[in-house]
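Visitor: Right, I'll just put the structure down here and ask away after.
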């Protein structure tokens with residue numbers, strides 16, 4: 004995986020005239036879900052937003068008489084076409100989650116209430132100067148707050164992660180493609196037991212893909228990583244893949 008961390012989600016935006024939708028459904032275990040969304044495009048600006056809530060009583064039995072889960076969430080994406088070859092997209096996702104349980108055993112009845120809040124904010128700048136070169140700069144922050152009440156015993160955590168990733172893909176010829184980039188992240192973690200951890204990571208990578216003939220692909224790449232706790236390291240890889248045209252089998 005990527006040492007610096009990857010913000011790997013996509014919040015869609017609309018195209019054409021704005022459209023709005025209200026959605027609701029219900030089912031077994033007192034399950035209910037509803038969402039209100041809107042998306043569209045206004046000249047060089049496009050957007051997508053969704054507000055939603057869901058609840059489920061889940062499957063309960065004698066030893067677990069309560070197992071309720073409740074979530075509220077918001078998804079937002081705003082995209083601007085700054086130029087013919089330059090696009091900026093800002094996205095946000097946030098959730099508020101609550102889990103309540105009641106369990107019984109030979110020792111008695113225990114209740115728990117767990118609340119988790121998450122927030123993910125990112126900005127993506129895409130540059131396409133020509134069909135043979137694509138550059139993507141992504142920066143973002145993720146935050147998570149966890150609070151648990153287990154029959155009066157309290158436990159909580161807070162974590163935060165900032166990430167920057169710059170990736171490039173260049174087609175140098177019909178046979179040769181180069182991919183490369185750099186990434187970095189800074190993260191922190193704290194809990195109610197007094198533990199506090201900080202981490203910083205930097206990585207740089209490149210890969211070459213060469214196709215001398217249509218059925219043969221050769222690959223070679225390298226990566227450098229630096230971690231404030233574990234030091235630095237260099238990794239490399241080489242590979243080859245051959246495709247049999249008649250059967251489509253890849254070796």
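In this note's numbering, the protein residues as written are 4 to 254. Cβ coordinates follow ideal geometry from the N, Cα and C atoms, glycine included.
Could you check the C-alpha separation between residue 137 and residue 211 for me, to the nearest Å?
Guide: Spanning the two alpha carbons is a distance of roughly 15 Å.
Visitor: From 199, 156, 243, 140, pick the residue whose C-alpha is nearest to that of residue 171; which is it?
Guide: Looking at the Cα atoms, 140 is the closest of the given residues.
Visitor: For the putative contact between residue 182 and residue 209, defined by C-beta atoms under 8 Å, what is the C-beta separation to the nearest angstrom?
Guide: 7 Å between Cβ atoms; contact.
Visitor: Counting only the same chain and skipping the five closest in sequence on each side, list residues whose C-beta sits under 7 Å from that of residue 234.
Guide: So the list is empty, once near-sequence residues are dropped.
Visitor: Spatial neighbours of residue 6 within its chain, please: CB distance less than 6 Å, with the 5 preceding and 5 following residues excluded, ordered by chain position.
Guide: Low local confidence applies: a pLDDT of 42 at residue 6 is under 50, so the model's placement there is unreliable, and no value is given.
Visitor: By the three-class DSSP mapping on this structure, what secondary structure does residue 61 have?
Guide: Looking at residue 61 - three-state DSSP - the assignment turns out to be coil, as it is neither helix nor strand.
Visitor: Please go through the same chain and pick out, in chain order, the residues whose beta-carbon is closer than 6 Å to the beta-carbon of residue 242, but skip the five residues on each side of it.
Guide: Same-chain partners within the cutoff: 222.
Visitor: According to DSSP, is residue 33 part of a helix, a strand, or is it coil?
Guide: Three-state result, residue 33: coil.
Visitor: Let me know if residue 18 comes out buried or exposed under the rule of 16 or more other beta-carbons within 10 Å of its beta-carbon.
Guide: Exposed, because fewer than 16 other Cβ atoms sit within 10 Å of the Cβ of residue 18.
Visitor: With 16 other CB atoms within 10 Å as the buried threshold, where does residue 65 fall?
Guide: The residue in question, residue 65, is exposed, as its Cβ has fewer than 16 Cβ neighbours within 10 Å.
Visitor: In terms of alpha-carbon separation, which member of 91, 124, 71, 38 lies closest to residue 100?
Guide: When each option's Cα is compared against that of residue 100, the closest is 71.
Visitor: According to DSSP, simplified to helix, strand and coil, what is residue 179?
Guide: Reduced to three states, the DSSP call for residue 179 is strand.
Visitor: Cβ of residue 72 less than 8 Å from any chain C Cβ?
Guide: Looking at the structure shown, chain C is missing, and only one protein chain is on hand.
Visitor: With a 10 Å radius around its C-beta and 16 neighbouring C-beta atoms as the bar for buried, classify residue 53 as buried or exposed.
Guide: Residue 53 comes out buried.
Visitor: Give me the DSSP bridge partner(s) of residue 249.
Guide: None, per the DSSP bridge assignment.
Visitor: Please state the DSSP three-state secondary structure of residue 160.
Guide: In this structure, residue 160 counts as strand in the three-state DSSP scheme.
Visitor: Take the Cβ of residue 177 as the centre, count every other Cβ of all protein chains shown within 10 Å, and call the residue buried at 16 or more, exposed below.
Guide: Looking at its Cβ environment, which holds fewer than 16 other Cβ atoms inside 10 Å, residue 177 is exposed.
Visitor: My guess is that residue 27 and residue 67 are in contact by the Cβ rule of under 8 Å, so how many angstroms apart are they, rounded?
Guide: About 28 Å separates the two Cβ atoms, so there is no contact after all.
Visitor: Identify the residues that DSSP records as bridge partners of residue 224: which are they?
Guide: Looking at the DSSP assignment, residue 224 forms a beta bridge with 210, 240.
Visitor: Determine the direct distance from the alpha carbon of residue 90 to that of residue 34, and round the result to whole angstroms.
Guide: If I take the Cα positions, the gap works out to 40 Å.
Visitor: Residues in the same chain with beta-carbon distance under 6 Å from residue 194, minus the five sequence neighbours each way, listed in chain order, please.
Guide: Once the five neighbours on either side are set aside, the close Cβ partners of residue 194 are 160.
Visitor: DSSP three-state label for residue 134, please.
Guide: Looking at residue 134 - three-state DSSP - the assignment turns out to be coil, as it is neither helix nor strand.
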